[in-house]
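Just below is one structure, and these are the notes that go with it.
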Amino acid sequence: MSLLPDLKSPGVMGINSRNGNYIMRYNPRRLFPLVDDKLISKDLAVQNGLPVPELYGVIRMLHDIRKFDQIVESKEDFVLKPVHGSGGNGIMVIGGRSRDRYRTTTGKIVTRDEIAHHMENTLGGQFSLGGQPDQVLVEYRVKFDPVFDHVSYLGVPDIRIIVFKGVPVMAMIRLPTRSSDGKANLHMGGVGAGIDIRTGITTNAVVGTSPMHEHPDTGSPVVGLKIPHWDDMLEIASRCYEITGLGYLGVDLVLDAALGPLILEMNARPGLNIQIANAAGLLPRLHFLEALELDGMSVPDRIALGKEATNRDPREIARMAVA
Amino acid sequence: MNRRHTFVLAACLFLAGTSLFLYKARTLGLPLDGAQETEVWTMEAHVSFHRDSVGAAKAHLRIPENPFGYRIANENFVSRGYGLTVDERTTGRQALWAVRKVAGEQSLYYRLSVYADPTRKGSLPKPTFPKVPELEEPYYSAMMDLTSHVREQSADILTFTSALLRRLNDPTPEENVSLLRAEARTPMQRSKLAVTLLAGARIPAEIVQCVQLGEDRRTAEVLPILAVHNGDDWIYFDPQTGELGFPPNLFPWAWGSKPLIDVSGGRGDMVEFSVVRSLQPTMEIAQERAASLGSKIPEFSLLALPLRTQSVYGVIVMIPLGALLVVLLRNFIGIRTVGTFMPVLIAIAFRETQLLGGLMFFTLIIMVGLGIRAYLEHLRLLLVPRLASVLTVVVILMTLVSIASHRMGVDTGLSVALFPMVILTMMIERMSVTWEELGARDAITEGMGTMMTAVLIYLVMGVAVIRHVLFVFPELLLLILAATLLAGRYTGFRLTEYRRFKAMAAEQ
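Heads up: the sequence lines are chains A and B, in that order. Going by my numbering, 305 is the number at position 305 of the first sequence; the sequence numbering is gapless. Going by my numbering, 1084 is the number at position 84 of the second sequence; the sequence numbering is gapless.
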């Protein structure tokens, strides 16, 4: 065993453990459509008074593509999203237009035909799991809060919070870089910065798996960043558990300059890189919570418990001792 | 709870699979190696006699019944014009040939094939203690004298018998022995004498008439072996040397000293034995033997299916093994593949193309296919028509490769025609989506992972022993299922995760 790095004592969660011990146990399959289908989750959030980007319209079949012009007629900017997409695939963000030409936020100019083709592909299932026929969402484009301007390149930075039975246990902010093509995807070269659940301040950051302190494109520090509206975000994340019933959930939020935090999407199989971004394993916090009776607890109590879970994390304790 | 359930289920499957496997391997003797061959001895007893005038004739031949250490594969009789009955009496099996009108030189044959089976024990009942034989004087005194001497120098039945045989075979015999031995010159007579003397010590003994086995013996000798019962078991001695144990090159033809043939109505009767050694596939013998044991298993095995179906099942039974390998590579090592069981299907395709040819062909088609798909992307085709176009191009490519390779005299391309091209198309489509969404690195990683997994599965599937064992013992699939179930409960790290999370590892 000593041949391999010791991942056990920092409590790192591996894919097998996530799938077998958490997703399988706490996320009943029948609830998956609530988060996999973005239309349903948007609807669910609106009904429960949780903030989401406004829905402009839905393209349900090839025939509907003609309705596209009507949907975006009065909109200067908007986002196209596959209803069943995952991992940010198939998302097109339009930041401006002039007649038949649209400009994506990454600066690419696309024609209406190209947009129509993209929608056709999406409807055909190119971006959905298993190639199932899909639908296209047209929604409000988030005007992201300028507080992140100096730490992101083009796209929208988003905040991922892992919620275990309504308790926010770990969080990170994903910052787009030039090499991630404006997508806030760690896997594609974006920056991930761990956020302290207790304070909403970033503590640690990585590109891929290597630690770093400054944004590779802007040069601004990404550690020590205070996330605005942090308590609201924790509350939204916690309430997402109540509306979906998914015990192990990833909630992705964005911060809009005017509207505050909005739910971008929810994920029933959230990734594991958040541990690298935080330089902390998920398991100590989850084990602490699993030993408690959480049912029937109020949202503020759950949030307090999430902060307590961080306090008890052995890594955190070690860090405090050093400080 | 779930965990225990899984373990119990896996243990049950393991037990069921193993016990059926052991029963078939041990009791039915189905070999683990398909190419294994068994030594088969074919013995022929040639009975001949002469009848001077026309009239009836009858010949009895004692034939083997449950020979210990051997199993009878088959037997047959050649008896032109004679009526044949096989008499299965407690005194041993006999073939009885009878004819009403015959004259001249007569030949009858009995042919028997046997193979060694150490698990076979003789079925002779435990004998009673013999009475002390009533011999005339001076033989009686000589016998009693000799046995009491021998008894003094021995501890039990085994040592008694060895000591007795040693004295009987002494080249410079003592007085008693020379007296007793005077009438016993042939090995058979010597053996009978030994039985009589043992009876004098109230030790049950019997003669086993044995045929000497050897590579192509035109005339095989019949030798007596002395069997002595020690209260629990029969122990065997060579009556001429006194050596203990049943010699390996002898076949126990019949128990008792009674002559092997008995002819009435003829003269000059004799029986001659010839032996031929041959090798036969163990599989065939085991199946025959299983059938002769009354087992239904050969009828319900894959071997009972028509040959064409058999060859299909030969591949199908390998699929779970391939799937288990995929499970291990994905969940324990963390190799990424395109599609879950795509590697298994590709490995099966490799079986038809040979590894190297298949690998080259496959890589070529995927590369060209990816290029074509990228080109079709420009045409803005809808997903399904685009897939269909890629499929068509793949078919055209395959045709071209086959024709070209045939022209060049390389025939690997031809067997490719059965290649599952739908799999190729899907692989191209999946890879190109990965390429677009996650980049070339991920697409190539997945493609390579798939190929590596497929090659590994192909190599494992190619091991003849594994193929044979899974086909003959499909119950081993239960073991594979058990292993897969257990693998499904593995929640530890994947090997690749040690690299992924290396930065987080605790210092050791």
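Glycine is no exception: its CB is placed at the ideal position from the N, C-alpha and C atoms. Since the model is a prediction, treat every value here as computed from it, not as a measurement.
- Using a Cβ-Cβ cut-off of 8 Å, G200 of chain A does not count as an interface residue toward chain B, since no Cβ of chain B sits closer than that to its own.
- Assignment of S1292 of chain B by DSSP, reduced to helix, strand and coil, places it in the helix class.
- For the segment 5 to 31 of chain A, the set of residues with a beta-carbon nearer than 7 Å to any beta-carbon of chain B comprises P5, D6, L7, S9, P10, V12, G14, I15, N16, S17, G20 and N21, in chain order.
- Our two residues, M1270 of chain B and W1253 of chain B, have alpha carbons roughly 16 Å apart in a direct line.
- A direct Cα-to-Cα measurement between G247 of chain A and F144 of chain A gives close to 29 Å.
- Here P176 of chain A really is in contact with L154 of chain A; their C-beta atoms are around 6 Å apart, less than 8 Å.
- The beta carbon of T202 of chain A is closer than 7 Å to those of I173, A193, G194, I195, V222, V223, G224 and L225 in its chain, skipping five residues each way along the sequence.
- The shortest C-alpha to C-alpha distance from L1020 of chain B to any of B:A1182, B:V1177, B:L1476 and B:T1091 is the one to B:L1476.
- Taking 9 Å as the Cβ-Cβ cut-off, the segment 1443 to 1462 of chain B has no residue approaching chain A.
- In the DSSP assignment, I1319 of chain B falls within the unbroken alpha helix (DSSP H) covering I1319 to V1327.
- Any Cβ of chain A closer than 8 Å to the Cβ of F1501 of chain B would place that residue at the interface, and such an atom is present.
- Contact check between the segment 1237 to 1255 of chain B and the segment 1048 to 1059 of chain B: fewer than three CB pairs, one atom from each, fall below 8 Å, which does not count as touching.
- DSSP lists no bridge partner for R315 of chain A.
- G1334 of chain B is positioned such that its CB atom lies no closer than 8 Å to that of L1486 of chain B.
- Residues of chain A with a Cβ closer than 7 Å to the Cβ of T1491 of chain B are, in chain order, N16, S17, G20 and N21.
- If you draw a 10 Å sphere on the C-beta of C1012 of chain B, you find fewer than 16 other C-beta atoms in it, and that means exposed.
- It is roughly 32 Å from the alpha-carbon of L1213 of chain B to the alpha-carbon of V1099 of chain B.
- Of all residues in the segment 121 to 139 of chain A, only N121, G124, G125 and Q126 come within less than 7 Å of chain B when Cβ atoms are compared, listed by chain position.
- DSSP places S98 of chain A in the strand class (E or B) of the three-state scheme.
- V251 of chain A has A:I161 and A:M266 as its beta-bridge partners, per DSSP.
- Between L1345 of chain B and I1423 of chain B the beta-carbon gap is near 5 Å, inside 8 Å, which marks them as a contact.
- Nearest to N1076 of chain B by C-alpha distance, out of B:Y1082, B:K1101 and B:S1113, is B:S1113.
- For I303 of chain A, the CB contacts under 8 Å within the same chain, skipping 5 residues up- and downstream, are V167, P168, D231, L234, E235 and S238 in chain order.
- Listed in chain order, the non-local C-beta contacts of I161 of chain A below 6 Å within the same chain comprise P168, A171, A237 and V251, local neighbours out to five positions each way being set aside.
- A straight line joining the alpha-carbon of I1319 of chain B with that of L1158 of chain B spans about 57 Å.
- Using a Cβ-Cβ cut-off of 8 Å, I276 of chain A counts as an interface residue toward chain B, since at least one Cβ of chain B sits closer than that to its own.
- Note on geometry: alpha-carbon atoms of Q1287 of chain B and P1259 of chain B lie some 35 Å from one another.
- DSSP places G1462 of chain B in the helix class (H, G or I) of the three-state scheme.
- Taking CB atoms only, A1464 of chain B has no neighbour in chain A less than 8 Å away.
- Near chain B, meaning a CB-to-CB distance below 9 Å, the residues of the segment 203 to 221 of chain A are V206, T209, S210 and P211.
- Pairing L1223 of chain B with C1210 of chain B gives a Cβ-Cβ distance under 8 Å.
- In the DSSP assignment, I1072 of chain B falls within the unbroken beta strand (DSSP E) covering Y1070 to V1078.
- Around the CB of A1056 of chain B, fewer than 16 other CB atoms lie within 10 Å, so the residue is classed as exposed.
- The C-alpha of D1233 of chain B lies about 19 Å from the C-alpha of G1092 of chain B.
- Contact annotation: in the segment 1338 to 1371 of chain B, no residue has its CB less than 7 Å from a CB in chain A.
- The segment 1179 to 1244 of chain B is shown to contain whole alpha helix (DSSP H) runs of 4 or more residues at 1187 to 1200, in chain order.
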